[in-house]
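Per the working numbering, the sequence shown runs over residues 658 to 1152.
Ideal Cβ positions, reconstructed from N, Cα and C, are used throughout, including at glycine.
Quick caveat: nothing in here was measured; it's all calculated off a predicted structure.
Below is one structure; the comments refer to it alone.
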Amino acid sequence: MPPSRSHIRATIEAYLGRHAGEREALDGLLAVVDGAGDPSSRTTLPGHVTCSAVVIDRDRRVLHIGHRATGLLLAPGGHVEAGDRTLLAAAVREVCEEAGIRPGDLCLTPQYLDAPIDVDVHDIDADPVKSEPAHRHFDFRFAFYLTTGQPPPLALQDEEVAGARWLPFADVRSPTLRAKLLDTEAEGLDGRPEPVNASALIHDGAGQYLLHLRDDREGIWAPWVLALLGGGRTMDDSCLEATLRRELAEEVPGLEPTELAPFAVEKATSVDGLAVPIQVYAGRWSGDPETVELREGVLLKWFTVDMLDRLRLSPGLGELVRRHAAEHPAAEGPSGGARPLPGEAPAGTELHIVGVHLHLQDEHGRILLGLRHPDSAFAPDTWHFLAGHCEREAAIACLIREAEEEAGLTIAPEDVELVHTVHLVDSPTARLRIGLVFRARSWTGTPEVLEPDRCVEWRWWRPQDLPDAVVPYTRRAIDGILAGRPYSELGWGER
């Protein structure tokens, strides 16, 4: 089946959402989509949809081929065929046929993903040989990067193509495409592939890994195999971690792993054959998958490394899990055996996330707070203690580690005292949290921004002049410390 009318319309609307000023110029295209004929059929007149591939190399050049029929240099492209699943798939097929570039040599750009970079309207002269009258092409142009450092050898389609050239952005022959390329050059359209998908390697710290059995449906990537949760970035995602958290919320609401951190970049292949670099984040969760709502896929279940050989896994997943397990051995209990699994906790027990927080005051009584990065999944653009989540370690050891990693501060264990505890719940479905706030009586070093993806600034604040944008439980803890209260609660009244 060729691309559906609804798919074409959705692609147009996504494009116009970015280029609203072109709506009038695309009135003819919108009329074709609303018309009686198939918008992507070459028999639909007086105009129909075509697709082209804008292939960009690392020298910011675009592939052009010599078109024998017209003598023009054009981006590879042509008519949509019945077997093209989407408009993007049509562009991939065309560049493969005309230039001999394999789909696996291409990947999506983070700037445009699977949306067109340009939609061009141009007139086509009558062709008596093909009995085609003069008509109009509405050409959807999709941008791709090469996965190789240098352009691969081309195998040109001799019947229609006479030579090929790589042209700098400023020399691109299409005026509308050239204008967009020059506009985006400052935005980093540099031809260097980077991940546009994110996946979660979720483990419980006791040797179990959470795997997801995908649906066996047309268009599903890696159907009917066990894979990681995750998905592709959208234009609305501020970063890949935001992509992952959105995907988790859509696929399994209520599953909120902690300690998410980049672990590896894996390579996969899309349903259209494109190369897909995937940023894999490792994170912890110790819940029961039977108690969460699975909105996508068939099954969500814990598996151990020794079971991998008996499972049907997505390519490379077994090696990835084994690598993580080798680098992060399962924690052991006091007797030397594996620590109890989540299901072995007493009935009714809810496991808590434990966070440590540094309450640091200088000689003037000012409190040190850090401004969270605007793309942070937690409390963006908000001031917060220097903080972190406990791993398999004592709370004070965690505090000392976080102070060194985040701000370059050295603190001795004997100079630390617990001054406040916050028992916190963010929402009825969120994991419960215990925040331990420690005061350091002395330290060495000056606060530095060492993790700029999380904190963009450290600043000392007078307690009576705290900024408005402070994490609520941070403010609650500071108020409690100033009042001499050792404990407070937050969020329980709303449960």
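Backbone secondary structure at residue i - three-state DSSP
i     : result
R941  : strand
R903  : helix
T805  : coil
R1023 : coil
V752  : helix
Y769  : coil
G674  : helix
V1011 : strand
W1149 : helix
R718  : strand
I1053 : helix
I781  : strand
L1163 : Examination of residue 1163 is not possible in this model, given that the chain is present from 658 through 1152 alone.
L1104 : According to the sequence provided, residue 1104 is Pro. The question's Leu does not apply to it. Here P1104 sits in coil by DSSP.
Contacts around residue i, its chain only, beta-carbon distance under 6 Å, and the 5 residues preceding and following it disregarded
i     : result
H724  : L731
Y866  : H860, F960, V978
H779  : H794
R1119 : R1023
D1038 : P1031
CB contact flag (residue i, residue j, <8 Å)
i     : j     : result
G954  : D872  : yes
L1056 : V1013 : yes
R718  : W823  : yes
V1094 : I1138 : yes
A710  : V752  : yes
R952  : E1020 : no
F795  : I774  : no
R715  : G806  : yes
A1034 : V1128 : no
F797  : C708  : yes
L846  : I713  : yes
L883  : L901  : no
W1040 : P1104 : no
C1047 : V1076 : no
A921  : A821  : no
A1097 : S971  : no
E923  : G973  : yes
L838  : I722  : no
H792  : G678  : no
Own chain residues within Cβ distance below 7 Å of residue i, not counting five before or after
i     : result
D632  : Within the shown structure, residues of the chain are numbered from 658 to 1152, placing residue 632 beyond reach of any answer.
D771  : L745, L765
P919  : Q936, Y938
A1228 : Lying before the first or after the last residue shown, residue 1228 is absent from the chain, which here runs from 658 to 1152.
Other residues of its chain near residue i: CB distance less than 8 Å, five sequence neighbours each side excluded
i     : result
L1081 : L1089, R1090, I1091, G1092, Y1130, E1146, L1147, G1148
H664  : T743, L744
E1114 : G1027, L1028, V1106
H1009 : R1088, L1089, R1090, I1091
Quiz item: Do the stretch 844 to 855 and the stretch 753 to 768 touch if we need at least three Cβ pairs shorter than 8 Å?
Solution: yes
Practice problem: Count the CB pairs spanning the stretch 895 to 905 and the stretch 875 to 884 that are closer than 8 Å, and state whether there are at least three. | Solution: no
Practice problem: Scan the stretch 851 to 895 and note each continuous beta strand (DSSP E) run of 3 residues or more that stays entirely inside, going in chain order. | Solution: The stretch 851 to 895 contains these whole beta strand (DSSP E) runs: 854 to 860, 865 to 870, 886 to 889.
Quiz item: Hey, is the stretch 834 to 843 in contact with the stretch 882 to 893, meaning 3+ C-beta pairs nearer than 8 Å?
Solution: no
Self-check item: Entirely enclosed alpha helix (DSSP H) segments - the stretch 1118 to 1146, minimum 4 residues
Solution: You should have 1129 to 1140.
Quiz item: If you pair each beta-carbon of the stretch 898 to 918 with each one of the stretch 937 to 950, do three or more pairs fall below 8 Å?
Solution: yes
Quiz item: Contact between the stretch 924 to 932 and the stretch 756 to 764: three or more CB pairs below 8 Å?
Solution: Taking 8 Å as the limit for Cβ pairs, the verdict is that the stretch 756 to 764 does touch the stretch 924 to 932.
Quiz item: On the three-pair Cβ rule with 8 Å, is the stretch 1025 to 1040 touching the stretch 1069 to 1083?
Solution: no
Quiz item: In chain order, which beta strand (DSSP E) runs of at least 3 residues are fully inside the stretch 677 to 746?
Solution: 704 to 713, 718 to 724, 734 to 736
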